[in-house]
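**Student:** So the sequence shown is numbered by UniProt numbering: it starts at 1 and just counts up by one.
Using N, Cα and C, we set each Cβ at its ideal position, and we do this for glycine too.
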Amino acid sequence: MVLVDPFDGVAVPRDLITEFFAVFARCEYAMKETSYKRDDHGIAAPAWLRLADEAAVWLDVPSGSDVALAIALLTSDPPKLLYFVDGWKSSPLRGANPIAQAIDAATRVRHNLFHGGKHTPEAEAGRDEQLVRAALTLLVELVDQCPTDLRGAYNHG
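#1: Would you please state the rounded distance, in angstroms, between the beta carbons of residue 137 and residue 66? I believe it to be under 8 Å.
#2: For a quick check, are the C-beta atoms of residue 154 and residue 38 less than 7 Å apart?
#3: Using CA atoms only, rank isn't needed, just tell me which of 75, 152, 145 and 125 is closest to residue 12.
#4: What separation, rounded to the nearest whole angstrom, lies between the Cα atoms of residue 95 and residue 44?
#5: Look at the alpha carbon of residue 23 and the alpha carbon of residue 112, and state the distance between them as a whole number of angstroms.
#6: Who are the Cβ neighbours of residue 32 in its own chain at under 8 Å, not counting the five residues just before and after it?
#7: Given 8 Å as the limit, is there contact between the region 88-105 and the region 70-79, that is, 3 or more CB pairs closer than that?
#8: Which residue or residues does DSSP assign as beta-bridge partners of residue 17?
#9: Where does residue 94 fall in DSSP's three states?
#10: Could you pull the start and end residues of the beta strand (DSSP E) that residue 87 belongs to?
#11: Among the candidates 131, 156, 152 and 151, whose CA atom is the shortest distance from the CA of residue 20?
#12: Span of the alpha helix (DSSP H) holding residue 39?
#13: Check each candidate in 152, 29 and 147 and name the one with the smallest Cα separation from residue 56.
#14: Alpha carbon to alpha carbon, how far is residue 83 from residue 91?
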């Protein structure tokens, strides 16, 4: 039996998905090589919540900039979560401020895209692509502006 192309039915361009996954993976690698890691039963895991909390202090978000628009999109109508009983539902974002909440939303974009959920016919046209682009924009700015060694680990990992 031949398997279907995993990109069939996904309303996000293949090259954008590839770039997003590559940047996300590289970012998580860099986090685990720097201070943005946590202990997950003895295994180094990315500390997204710590990065989100700290980024609120140092991330420069000029009004009207691409990153400001990305944060607004990610926080105004964030990706839904798939619940065991109730299916896809809206759920509050974690974080005490819009930057932290946008980072939480960006991780949801990755989880939903990677684990499925982007093949649903009820998805609003263009929404998935907008969310992926917004999450990618935010990730690039986080790595680029981070005052720690995150950018160095990302570039030289």
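**Tutor:** Reading off the structure:
#1: 5 Å
#2: no
#3: 125
#4: 22 Å
#5: 16 Å
#6: 44, 45 and 46
#7: yes
#8: DSSP, once it has assigned bridges, lists no residue as partnering residue 17.
#9: coil
#10: 87-89
#11: 131
#12: It is not in any alpha helix (DSSP H) - residue 39 instead sits in the beta strand (DSSP E) that spans 37-40.
#13: 147
#14: 10 Å
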